[in-house]
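For reference, the structure discussed in these notes is given below.
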Amino acid sequence: MEVKTFEGGAHIPHYKSFTEDKPIERMAAPSEVIIPLHQTSGAPCEPLVKEGDKVKIGQKIGDCEEFFSAPVHASISGTVKAVEPRMTYTGKEDQCVVIEADDGPQEFEMKQVRDPDTVSVDEYRKCVREGGVAGMGGAALPTHVQTAPRQPVDTLLLNGAECEPFLTCDHRLMLERAADLVKGAELKMKSIGARRTLFGIEVNKPDAIEAVNEQIKDRDDMEVVPLAVKYPQGFKSHLIKAATGRDVPRGARSAELGCIVRNVGTTVAAYEATVYDKPLIERIVTVSGPKVGKPGNYIIKIGTPLYHIVEQCDIGDLEGCKIVLGGPMTGLAQSDLNSSVVKSSTGVIVLPPEMVRDTMEYMDCVRCGKCVDHCPMFLYPSEISIYAEAEMHEEANEWNILDCIECGICSYVCPSHRPIVHMVQRFSPEVEKMIKKR
Amino acid sequence: MTRLINTPGPHLKAEESVSRAMLDVIIALVPVSIVALVFYGWYALFTIGVCVLTAIITELAFRKAMGKPPSISDCSAILTGLLVALCFPATVVWWKVAIATFVAVGIVKELMGGLGWNIFNPALLGRVSVILVPAFFGWLNVHLGGLQPYLGTVDVTTQATPLALLHMGEVPFGYGELIAAFPGGAMGEVSPLALLIGAAYLLYKKHIDWRIPVSIIVTAFVLSILVGANPLQYVLIGGIFLGAFFMATDWVTSPMTDKGKLIFGIAIGVLIVVFRSIGPVEGVAFSILIMNAFVPLIDKATRRPSFSDPRPTTATAGKEASG
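For the protein sequence lines, the chains are A and B, in the order given.
The first sequence begins at 89 in this note's numbering and counts up by one.
The second sequence begins at 3 in this note's numbering and counts up by one.
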């Protein structure tokens, strides 16, 4: 088996054994959901419901006229308790629809409304848009935006790398729902006019590779590309480079590269939106961590508050712990158990105090070069961090601060414990402003 | 209410730290220090003690004067003190090593902004600072001569150093001794084998990269043949091993990229041979210090293009396309 990869990056302990063998399981619906109206990298939605309204599961509750946006839907049936700003996963207050559950069944009824073999490309695009499908690997790009590229795209690259530690939701999905995944890939391929589909999967998931291979064994337009286990293998740019060998120059769109990358979970969600008219109201979330009583891969409704998950999964004392929504490298730490799961929440990771090492004081850069060795973008994070800290715009730009993909490896390896990515996140917008002024 | 930690990502962190790395280098210097103790007894212990103590006091004093918190726990002062000591013969007068250590920690490191900001290797610049002012030390030796303690006899101290013997072509040691241990010269030069054991530990811990030491030693080895020396004796005698594995590999004062490390090492190797060809002076310290000054230039010259700037002609791109 030829294993492909990219240059740089790092081997980070996986911690996947907590959940990789746990079959996908539905979590009991919460008594209340808090659904943010802004969950994608696109424009925020306007509410379509008001306090006191009765809503049904799957009903659209927020939408927006902008093209670069995806609607949101009620994930449970019940009564709208409030439409107001609440603390969201971003750590900021944002407009949310709060729904109180009624006593009825809270499961979406899966009834086939379209035949995947005959559905038209236009209809598929419409279903993806109306279903509120957005990138579920973390980027949260509204998916319909990428269903109609202007240039021909020869390759659809499905992202099953799942390179972040702890996460296993994509692994289980590929293993248990390989048939739907392949059907979903076929729909997507048709819509972008691609002639082949590549499944990029890290080799630490041999059962998933086998499951997908079994589904595509009679097709010559689909192929699994086994990838080395290395972080950040699942980042778009590095997945393209590894799987297709194509360079990814600054600012190039996937379509210009002849390659569109899509997360495997999103692919299945788009399939369900088309065939069953099922909007994106729930997703598989890996709930994991050494102290989690019942770790697993759960189907959790969008808007489920963290306190419900903490209760359901038997996560005991949280004193001094860190709860991360998403993967532990790029996810966001939460300070409030009232924040809720959104479309891009790949995981709820609970790190016990002994694993929380980033609260210590940091030192000056000692130029050890470890960040340079590991940077997958071939940058000099050491220099960038020094200039970002000193707020030296020209120099930071000269060292390509804007090329940073914020994967976090530099901060991970730094023996001086410098929060390099955080410095980049704070300073990059200022460098961008400086460049725009020119 | 439960206290949840909310700090920016990444939320995982490798178990590495500067203080741990410094401690590992100190551990790696234990074997050669033991050999020095065996050869020189109390003198070795006394000199190392003076240096480490001076280093700690100097760092505390400078940081206090500059209003910075103490940083003894990062172990860098202790390491610098030990390295300075190993650059001297065990029977050196104590005020000389104390001043060398003071210069290393106080001036070369702390006044430059502290660990990370120094351009030159502190221990080496401290070491050579006392060579550059011999008149001052002549004067000190006259006035402080009575303050040097007598700690027993050491029969090798009156001999010429092994390096001088090498220069005269009269090396009295066999190859076994040259590799394992032989007395004379600086404490850190008594046992290439002990240094190699320490270096192996640092390589295993990934604190140092093979490129710098190997390129220094190989360059010196090859060029020594050209100048008519016995290449094995040439690299085993003197400060090449100590310099190559423990001084030139200093994170702060060496290049960051692989290519830069090779250039740096080869240049040091060339300079060592040039210095040694001039006379029986050890050029290792000067060679490394001179190249320290070129590190920013080397880093700039060997800078690799960003992943977002693909240049298909570079070796990197070619390698990746085929892999």
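Glycine included, every Cβ here is placed at the ideal spot set by N, Cα and C.
Counted as a single uninterrupted DSSP element, the alpha helix (DSSP H) harbouring B:Pro124 occupies residues 124–131. Cβ atoms of A:Pro237 and A:Ile297 stay farther apart than 8 Å, at about 28 Å.
Under the criterion of beta carbons closer than 8 Å, B:Leu180 and B:Ile239 qualify as touching, at roughly 7 Å. Look at A:Met115 here: in three-state DSSP terms it is coil, with no helix or strand label.
Contact check between the region 405–416 of chain A and the region 199–211 of chain A: fewer than three CB pairs, one atom from each, fall below 8 Å, which does not count as touching. Here the region 27–34 of chain B lies against the region 186–203 of chain B, with 3 or more beta-carbon pairs under 8 Å apart. Apart from sequence neighbours up to five positions away, the residues of its chain that approach A:Met465 with a beta-carbon distance below 7 Å are Asp491, Cys492, Ile493, ordered along the chain. Contact of B:Ile59 with chain A is not assigned, every C-beta pair being separated by 7 Å or more. In this structure, the beta-carbon distance from A:Ala361 to A:Val216 falls below 7 Å. Taking 7 Å as the CB threshold, A:Asp491 lines the interface with chain B. In summary, B:Val224 is exposed, with fewer than 16 beta-carbon neighbours lying within 10 Å of its beta-carbon over all protein chains present. The secondary-structure analysis by DSSP pairs B:Lys263 with nothing; it has no beta-bridge partner. Fewer than three pairs of CB atoms, one per stretch, sit closer than 8 Å, so the region 274–283 of chain B makes no contact with the region 466–479 of chain A. Not a single C-beta of chain B is nearer than 7 Å to the C-beta of A:Gly220. With respect to chain B, the C-beta atom of A:Asn301 has no partner C-beta closer than 7 Å. Counting along the chain, A:Ile289 sits inside the beta strand (DSSP E) bounded by residues 284–290. Three or more Cβ pairs closer than 8 Å define a contact, and the region 285–292 of chain A meets that threshold against the region 243–254 of chain A.
Minimum Cα-Cα distance from B:Ala63 among the listed residues B:Val132, B:Ala79, B:Phe48 corresponds to B:Ala79. The region 346–353 of chain A makes contact with the region 222–237 of chain A; the number of CB pairs closer than 8 Å reaches 3 or more. For A:Arg350, the three-state secondary structure derived from DSSP is strand.
Neighbourhood of A:Lys521 in chain B, by CB distance below 7 Å: empty, with the nearest CB roughly 20 Å away. In the pairwise beta carbon analysis, the region 108–116 of chain A is classified as touching the region 380–387 of chain A: at least three pairs are separated by under 8 Å. By the criterion of a C-beta distance shorter than 6 Å, B:Pro194 is surrounded in its chain by Ile181, Leu238, Phe243, once the five residues flanking it on both sides are discounted.
By the neighbour-count criterion, in which a residue is buried when 16 or more other Cβ atoms sit within 10 angstroms of its Cβ, A:Tyr359 is buried.
For B:Gly118, there is no enclosing alpha helix (DSSP H), as DSSP marks it with neither H nor E. Only residues of its own chain outside the window of five on either side were considered, and among them Ala158, Val160, Ala222, Ala228, Ile390, Val430, Lys431, Ser432 have a CB closer than 8 Å to the CB of A:Gln127, listed in chain order. In the displayed model, A:Val519 falls within a helix according to three-state DSSP.
Cβ proximity to chain A below 9 Å picks out Val297, Asp301 from the region 275–304 of chain B. Here A:Val460 has Tyr468 as same chain residues with Cβ atoms under 6 Å from its own Cβ, once five neighbours each way along the sequence are excluded. Contact note: B:Pro72 does not reach chain A at a C-beta cutoff of 9 Å; the least C-beta distance is about 13 Å.
In this structure A:Val121 does not touch A:Gly150 by the C-beta definition: roughly 13 Å separates them, more than the 8 Å allowed. With contact defined as three or more Cβ pairs closer than 8 Å, the region 124–142 of chain A and the region 97–104 of chain A are not in contact. In the pairwise beta carbon analysis, the region 213–221 of chain B is classified as not touching the region 47–57 of chain B: fewer than three pairs are separated by under 8 Å. Beta-bridge annotation (DSSP): A:Tyr319 is paired with A:Ala98. Closer than 7 Å to the CB of B:Leu6 there is at least one CB belonging to chain A.
In this structure, A:Ala267 keeps its C-beta atom at 7 Å or more from the C-beta atom of A:Val300.
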